[in-house]
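Participant: The structure follows.
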Amino acid sequence: MRALLARRKIVVPVAVAVIVLVGVGLWAFQPWKLFTSSTVNEKLADGAVQKGTFRTLAHPTSGQAEIVKGAGGSYTVQLRDFSTSDGPAVHVWLTDKAQDAGDAAFGRDGHLDLGNLKATNGNEVYAVPAGTDIAQYKSVLVWCERFSVGFGVAGLGA
5 MRALLARRKI VVPVAVAVIV LVGVGLWAFQ PWKLFTSSTV NEKLADGAVQ KGTFRTLAHP
65 TSGQAEIVKG AGGSYTVQLR DFSTSDGPAV HVWLTDKAQD AGDAAFGRDG HLDLGNLKAT
125 NGNEVYAVPA GTDIAQYKSV LVWCERFSVG FGVAGLGA
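Under our numbering, the sequence shown has 145 at position 141, and the numbering climbs by one with no breaks.
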């Protein structure tokens with residue numbers, strides 16, 4: 005009987021710890037996102053003032069990034085024929101790093117967060133805050149904040 009009680013004192017806390025760790029792991033890694041995708045097809049404008057083609061960093065990423073100047077001098081970033089992987093806390097950034105900068109350089113300072121990635125596929129439009137000096141940014145980066153890793157980057161050129 006004592007042996008059974010001694011085992012219970014060990015087994016129950018270990019089982020609770022395992023359940024908590026699995027829950028935290030599922031929350032942090034969201035492994036089901038490896039198998040999910042979404043599509044959005046927002047209306048894109050013509051007349052890009054800068055554009056570039058995505059290159060893959062940590063996850064396969066393709067398509068074009070474009071900066072378009074709208075009426076009144078506002079800017080938007082457009083992702084055209086875009087495709088990437090899903091993941092937790094994925095954002096679209098303008099960054100002052102060139103497309104060929106080392107992957108580790110992208111997570112540092114010098115970026116402007118344009119918001120959460122809307123979808124893993126399609127055509128997407130992101131507003132650039134008013135007053136932003138577009139000339140200081142050299143590329144568009146798809147960035148996973150949770151794991152500090154770039155999915156893909158597109159250098160901006162004329």
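Note that the Cβ used here is the ideal one computed from N, Cα and C, for glycine as well. These figures come from a predicted structure and were not determined experimentally.
With a CB to CB cut of under 7 angstroms and the five nearest residues on each side skipped, what residues in its chain are close to Ala123?
Facilitator: Taking the sequence shown and counting its residues from 1, the one referred to as residue 123 is at position 119. The answer, listed in chain order, is Ser42, Thr43, Val44.
Participant: Return yes when the Cβ of Ala158 is within less than 8 angstroms of the Cβ of Gly91, no when it is not.
Facilitator: By 1-based counting over the sequence shown, the position of residue 91 is 87. By 1-based counting over the sequence shown, the position of residue 158 is 154. No, these two residues do not count as a Cβ contact at 8 angstroms.
Participant: Which of the three DSSP states is assigned to Lys108 in this structure?
Facilitator: Position 104 of the sequence shown, counted from the start, is the residue given in the question as residue 108. As written in the sequence, residue 108 is Ala, which differs from the Lys given in the question. Three-state DSSP puts Ala108 in a helix.
Participant: Using the DSSP secondary-structure output, state which residues sit across from Phe155 in a beta bridge.
Facilitator: On the sequence shown, residue 155 is found 151 positions in, with the first residue counted as 1. According to DSSP, which records beta bridges pairwise, Phe155 is partnered with nothing at all.
Participant: If Asn120 sits next to Glu46, beta carbons under 8 angstroms apart, how far is it from one beta carbon to the other, in whole angstroms?
Facilitator: Numbered from its first residue, the sequence shown carries residue 120 at position 116. Numbered from its first residue, the sequence shown carries residue 46 at position 42. The pair is not a contact, with the Cβ atoms about 14 angstroms apart (cut-off 8 angstroms).
Participant: Quick one: what's Ile14 bridged to in DSSP?
Facilitator: In the sequence shown, counting from the first residue as 1, residue 14 sits at position 10. DSSP lists no partner for Ile14.
Participant: Among Gly135, Arg150, Val129, which residue has its Cα nearest to the Cα of Leu83?
Facilitator: Here the question's residue 83 lines up with position 79 in the sequence shown. Selected option, being the one with the closest Cα: Val129.
Participant: Here's the rule I'm using: 16 or more other beta-carbon atoms within 10 Å means buried, otherwise exposed. How should Ala152 be labelled?
Facilitator: Residue 152 sits at position 148 when you count from the first residue of the sequence shown. The sequence shown places Ser at residue 152, rather than the Ala named in the question. It is exposed - the Cβ of Ser152 has fewer than 16 other Cβ atoms within 10 Å.
Participant: Just to confirm, are Leu61 and Asp107 a CB contact at a threshold of 8 angstroms?
Facilitator: Within the sequence shown, numbered from 1, the residue matching residue 61 stands at position 57. Within the sequence shown, numbered from 1, the residue matching residue 107 stands at position 103. Contact: yes.
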